[in-house]
Structures are given as structure tokens and as C-alpha cells.
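Asker: Let me give you the structure first, and then I'll get to my questions.
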Amino acid sequence: MSGNITFTMIKPKAMENGHMGDILAKIIEGGFKVKAMKLTRLTKEEAKVFYAVHKERPFYDGLTDFMSSGPIVAAVLEKENAVQAYRDYIGATNPAEAAEGTIRALYGTNIEANAVHGSDSDENAQIEAGFFFSKRDWV
Ligand code: ATP
Ligand code: MG
639 MSGNITFTMI KPKAMENGHM GDILAKIIEG GFKVKAMKLT RLTKEEAKVF YAVHKERPFY
699 DGLTDFMSSG PIVAAVLEKE NAVQAYRDYI GATNPAEAAE GTIRALYGTN IEANAVHGSD
759 SDENAQIEAG FFFSKRDWV
């Protein structure tokens with residue numbers, strides 16, 4: 639049921655700032671079921687592959703440096719209409735513009751270090767989950 643799955647990462651700055659537990663609690667409180675989860679880190683090369691869709695953007699090098707700068711939590715989440723529900727729940731890309739009470743408003747630092755990632759389509763949710771997990775971990 640691909641429409642019920644999304645993929646998230648808690649980004650290095652939120653980890654460094656000690657927000658891992660609060661963010662996981664908030665995710666669960668929002669009705670998202672954790673189907674697979676790991677604390678890991680990306681190499682620069684892996685971050686470049688993960689964010690390849692942004693390779694022409696001016697922030698690509700900084701973003702991939704940042705995403706490989708420290709530990710992250712990667713997780714597969716399940717909820718009805720998960721991709722859109724989670725994007726609504728985390729708020730706008732820029733924490734300064736994110737709605738009050740959203741994860742990015744609460745725990746984001748700036749537009750790059752915006753606390754968490756959330757998939758933007760069902761197809762990408764499957765690809766991104768597959769980047770970190772074996773399908774048996776979340777199906
Ligand atoms: P994500 O894909 O992480 O869930 P998003 O879909 O809201 O976030 P995208 O446009 O896909 O936003 O950008 C991917 C990531 O690139 C953002 O989460 C942020 O970390 C970084 N980013 C986006 N825009 C900028 C920018 N103008 N300057 C610096 N970093 C940016
Ligand atoms: Mg995106």
C-alpha cells in the first residue's frame with residue numbers, strides 16, 4: 639500500500655541539538671506508525687545520490703555537506719495518505735515560514751537545517767525508504 643508510506647530523516651542539526659526524542663514523540667503523537675527506523679549517517683557521496691534531484695541547485699553542495707556532517711535518524715512511516723499528511727505535519731521548508739506547532743517550526747534552525755526530511759511523492763517514498771532499508775523492514 640504505497641499510498642500509506644512516507645520516508646523521513648531527522649537531520650544532523652536537530653540531532654546535535656538534542657531533539658531526536660522530542661521529534662520521534664511528535665511523529666508518533668501525529669498518528670504516524672514507525673515501520674522501520676535506524677540511527678546512521680550519510681557519506682558525502684551518499685548524500686549526493688540521495689539529493690541528486692537537486693544537483694543543479696545552488697544549495698546542493700552545502701546541503702550534501704550538511705547532511706553528511708553528523709548522525710541522522712532514517713525512518714519509514716505509515717499513515718493514511720502518508721506523504722501529504724507528513725508534509726503538512728512538518729510544515730514549510732523554511733522553518734521561519736512553517737506553521738506554528740509543526741516539526742520544522744518547533745525544531746528547525748534555518749532553511750537548510752530544517753529538522754526533518756519528508757518524501758514528496760509515493761514513488762519517492764519507496765525509493766528513499768529503499769535507500770536505507772530492505773523492503774522486508776517496512777512491508
Ligand atoms: P525535504 O526534501 O528535505 O523534505 P522540502 O521538500 O521541503 O524538504 P526541497 O525543495 O525538496 O524541500 O529541498 C530539499 C532540502 O534542501 C530542504 O529540506 C533543505 O534542507 C534544502 N534547501 C531547500 N531550499 C534551500 C535553500 N534555498 N537554501 C539552502 N537549503 C535549501
Ligand atoms: Mg523535498
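Everything in the sequence shown is counted per the working numbering, starting at 639 for the first residue and increasing by one.
Every residue, glycine too, gets a C-beta built ideally from N, C-alpha and C.
1. For the alpha helix (DSSP H) that residue 721 lies in, which residues bound it at each end?
2. Helix, strand or coil, according to DSSP, for residue 738 in the structure here?
3. Please go through the same chain and pick out, in chain order, the residues whose beta-carbon is closer than 7 Å to the beta-carbon of residue 654, but skip the five residues on each side of it.
4. Quick one: what's residue 645 bridged to in DSSP?
5. Could you work out which residue in 642, 692, 687 is closest to residue 769 when comparing CA atoms only?
6. For the alpha helix (DSSP H) holding residue 701, just list the boundary residues, first then last.
Answerer: Here's the rundown:
1. Segment 720 to 728, the alpha helix (DSSP H) holding residue 721.
2. Residue 738 sits in coil when the DSSP states are folded into three classes, being neither helix nor strand.
3. Closer than 7 Å at the Cβ level, and outside the excluded window around residue 654, lie 708.
4. DSSP output for residue 645 lists 714 as bridge partner(s).
5. Selected option, being the one with the closest Cα: 687.
6. Where residue 701 is concerned, the enclosing alpha helix (DSSP H) stretches over 698 to 705.
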